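Below is one structure, written out as structure tokens, with a few remarks after it.
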Amino acid sequence: MSQVLFDDAGPRGRRRQRAASLVTGLLLLAGLVLVLFKLEAEGQLVAEVWEPFVTPVFVQALLEGMLVTIRTAAVAIVLSIAVGAALAVGRLSIHAWLRWPSTVVVEFFRAVPLLMLILAIYLIYGDELGKFWSLVIGLVLYNGSVLAEVFRAGVLAVPFGQTEAAYAVGMRKGQAMRLVLLPQAVRIMLPAIISQSVVALKDTSLGYVISYEDVVFTGRQISIEFNNYFATALVLAAMFIVVNYSLSRLAVWLERRMGRATGASAARAPEGELMGGGTAG
Amino acid sequence: MDALWDNRQLVLEGFGQTLALLVVAGFIALALGTVLGSFRVSPVLALRAIGTAYVTCFRNTPLVVLFLLVYFGLPELDVRPSQFWRATIALALYTTAFICEAVRSGINAVPTGQAEAARSVGMGFGQVLRLVVLPQAFRAVVPPIASVLIALAKNTSLVAGFGIADATFRMRGLINDNPGDVYVIFLGIALGYILIVAVISVVARVLERSPARSAS
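Same order as they appear, the protein sequences are chains W and V.
Heads up: the first sequence begins at 5 in my numbering, then just goes up one per residue.
Heads up: the second sequence begins at 1468 in my numbering, then just goes up one per residue.
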């Protein structure tokens, strides 16, 4: 909430705000009731539609699917961090033969749609790689390139005195980068890394296009069998919201904790980050 | 090279579809996102709650799931827009959440003194927002909105999985038909997307540099 735009209201203003809240709430309620009536009219509120989501077999299948999604995303994120760090070091290098290829790779994979990338990898190399690696490689190329930019910004944010001090005690450029700059950059950038993990987790669902057997695939099969597309999609959305929201709360908690650990003032995270979801990418 | 050139008609039609999705969904998302963004800074508690709930739900749901919901779910409720519109609705709902956040952070970037000065001359919340804060927020909001639109341009490729013949859909067809030219086809289509992304960034840079204008 922004307190910038209005003063604390007086008694009359508070009454007016409460009245506006009430009216909005009632309108919202009316809208919800209308939606419920519509759902009822279309036969969405009967037991058969929701039954699979309380049947142990299907619940277990969905949870296992979610586990596959999370595991795939985890592999992709770990590899992305490694690739991202390598590309960031490349872009920051003083050698043009390292800097230019890294720049081209980063800019190319950030500008190309991830779905198209995954699809192309699967169509071209699918026979050798299989679905899992086609998806993971696509995710790593994209998220690695995004993280490379995050890391680069992080390294550039470390005060220059740190580099000078490292040189002054006789470190070489590589040592200064590895021992002094990167550890501090990772620390600065940890919240951004976790928010990128949320993006990667969401993007794992793009395996849909190559029929990768993740939670979305399980959901699709349930919806085909029970003919309950709307209900299944709602359940899938709820599962992703729970996982992603928890992940972004973790980021906020970690940030506060690390703020304490380094003795820096634990800055309050901007409200936007509390809600998760990462960037639109 | 021939595979791409011989099928240039198909490829161009594909990018036409991509651009149509981008423009229509983009305009809807910009409009809804701005409204929702002002909800998020409003003095009315219920409006703020609506904005927060919307952003939390739609940012954390993968776009694929949103597509499943709109694309297969809506017809189940006997709401049957065309394929194109169903895809556009899914893209717009998703993008709205990100536009909303960009607008909100832009509003918060305007120095407190500006709004205080406006209030001290007796302006109400709507006037402060419309006459003082939004015109100044416009410039701060351009770069984040540009990245949201770039993401939207890339996200339109999801429709390829739902039977709409956009550029990515054409790439799949061409790769299947021309196994000898797969790299040329991939790079050619990729270049098209890069061009779209580049145009959005250049426009954003120009807008950002130009003097602040009315953000109506």
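The beta carbon of each residue, even a glycine, is placed where N, CA and C say it ideally should be.
The structure displayed is predicted, hence computed values, not measured ones.
Residue i versus residue j - alpha carbon distance
i, j, result
"E55 (chain W)", "Q179 (chain W)", "60 Å"
"L1694 (chain V)", "R16 (chain W)", "Nothing in the structure corresponds to residue 1694 (chain V), since chain V is present only between 1468 and 1683."
"R75 (chain W)", "I197 (chain W)", "17 Å"
"D1469 (chain V)", "D1648 (chain V)", "8 Å"
"S1624 (chain V)", "R18 (chain W)", "47 Å"
"K42 (chain W)", "Y146 (chain W)", "41 Å"
"V1670 (chain V)", "I1656 (chain V)", "22 Å"
"A1634 (chain V)", "P1578 (chain V)", "43 Å"
"A1498 (chain V)", "R22 (chain W)", "27 Å"
"E259 (chain W)", "A89 (chain W)", "20 Å"
"G174 (chain W)", "A237 (chain W)", "59 Å"
"G267 (chain W)", "R261 (chain W)", "Below a pLDDT of 50, predicted positions are generally treated as unreliable, and G267 (chain W), at 43, falls in that range; no measurement from the model is reported."
"F1605 (chain V)", "E1568 (chain V)", "14 Å"
"P105 (chain W)", "E153 (chain W)", "14 Å"
"M322 (chain W)", "A80 (chain W)", "No answer is possible for residue 322 (chain W): it lies beyond the span of chain W, which begins at 5 and ends at 285."
"Q1603 (chain V)", "I1612 (chain V)", "15 Å"
"A1607 (chain V)", "I1617 (chain V)", "17 Å"
"R1692 (chain V)", "I1556 (chain V)", "Nothing about residue 1692 (chain V) can be reported from this structure: the residues present for chain V run from 1468 to 1683 only."
"F164 (chain W)", "L40 (chain W)", "60 Å"
"V1491 (chain V)", "T1485 (chain V)", "10 Å"
Residue from the options whose Cα sits closest to the Cα of residue i
i, options, result
"L139 (chain W)", "W:Q166, W:Q21, W:M120", "W:M120"
"A1554 (chain V)", "V:A1470, V:G1647, V:L1489", "V:L1489"
"L1544 (chain V)", "W:S209, W:Q48, W:Y249", "W:Q48"
"I1517 (chain V)", "W:L96, W:S25, W:Y129, W:R103", "W:S25"
"T1563 (chain V)", "V:V1615, V:A1585, V:K1621", "V:V1615"
"A77 (chain W)", "W:T28, W:V144, W:E46, W:L91", "W:V144"
"Y1521 (chain V)", "V:L1641, V:G1504, V:L1598", "V:G1504"
"T208 (chain W)", "W:K135, W:R95, W:V61", "W:K135"
"A1627 (chain V)", "V:A1620, V:R1597, V:R1637, V:L1619", "V:R1637"
"G1573 (chain V)", "W:L9, W:I226, W:I214, W:V93", "W:L9"
"V93 (chain W)", "W:L151, W:M243, W:E217", "W:L151"
"I205 (chain W)", "W:Y171, W:V247, W:A34", "A small fix is needed here, since residue 205 (chain W) is Leu in this sequence, not Ile. Closest by alpha carbon: W:V247."
"R1515 (chain V)", "V:R1571, V:E1675, V:V1588, V:A1576", "V:R1571"
"V53 (chain W)", "W:A255, W:R176, W:N232, W:Q188", "W:N232"
"D218 (chain W)", "V:G1500, V:V1531, V:D1473", "V:V1531"
"F1565 (chain V)", "V:L1654, V:R1507, V:I1663", "V:R1507"
"G1640 (chain V)", "W:L133, W:S215, W:G223, W:I128", "W:I128"
"A189 (chain W)", "W:G158, W:V108, W:R176", "W:G158"
"G1540 (chain V)", "W:V82, W:L67, W:S227", "W:S227"
"R182 (chain W)", "W:P195, W:M243, W:T167", "W:T167"
"A1496 (chain V)", "V:L1598, V:Q1550, V:L1619, V:A1584", "V:L1619"
Local conformation of residue i per DSSP, three classes
i, result
"E46 (chain W)", "coil"
"E217 (chain W)", "coil"
"T236 (chain W)", "helix"
"V1577 (chain V)", "coil"
"I141 (chain W)", "helix"
"R1571 (chain V)", "helix"
"S1614 (chain V)", "helix"
"V1632 (chain V)", "Going by the sequence as given, residue 1632 (chain V) is Ala instead of Val. Residue state, collapsed to three classes: coil."
"G276 (chain W)", "Annotation note: pLDDT 46 at G276 (chain W) (below 50); position unreliable, no value reported."
"P1548 (chain V)", "coil"
"R1676 (chain V)", "helix"
"M1590 (chain V)", "coil"
"D1644 (chain V)", "helix"
"D11 (chain W)", "coil"
"N147 (chain W)", "helix"
"S6 (chain W)", "Residue placement at S6 (chain W) is poorly supported in this model, since its pLDDT is 48, which falls under 50; the coordinates are not used for a value here."
"N1474 (chain V)", "coil"
"P1602 (chain V)", "helix"
In chain order, what are the residue ranges of uninterrupted alpha helix (DSSP H) at least 4 long that sit wholly in the region 76-129 of chain W?
100-115
Notebook entry, point to check: Where are the alpha helix (DSSP H) runs, 4 residues long or more, that stay fully inside the region 1508-1542 of chain V, in chain order?
Noted result: 1512-1527, 1530-1534
- Runs of alpha helix (DSSP H) wholly within the region 175-232 of chain W (minimum 4 residues, chain order): 186-208, 219-230
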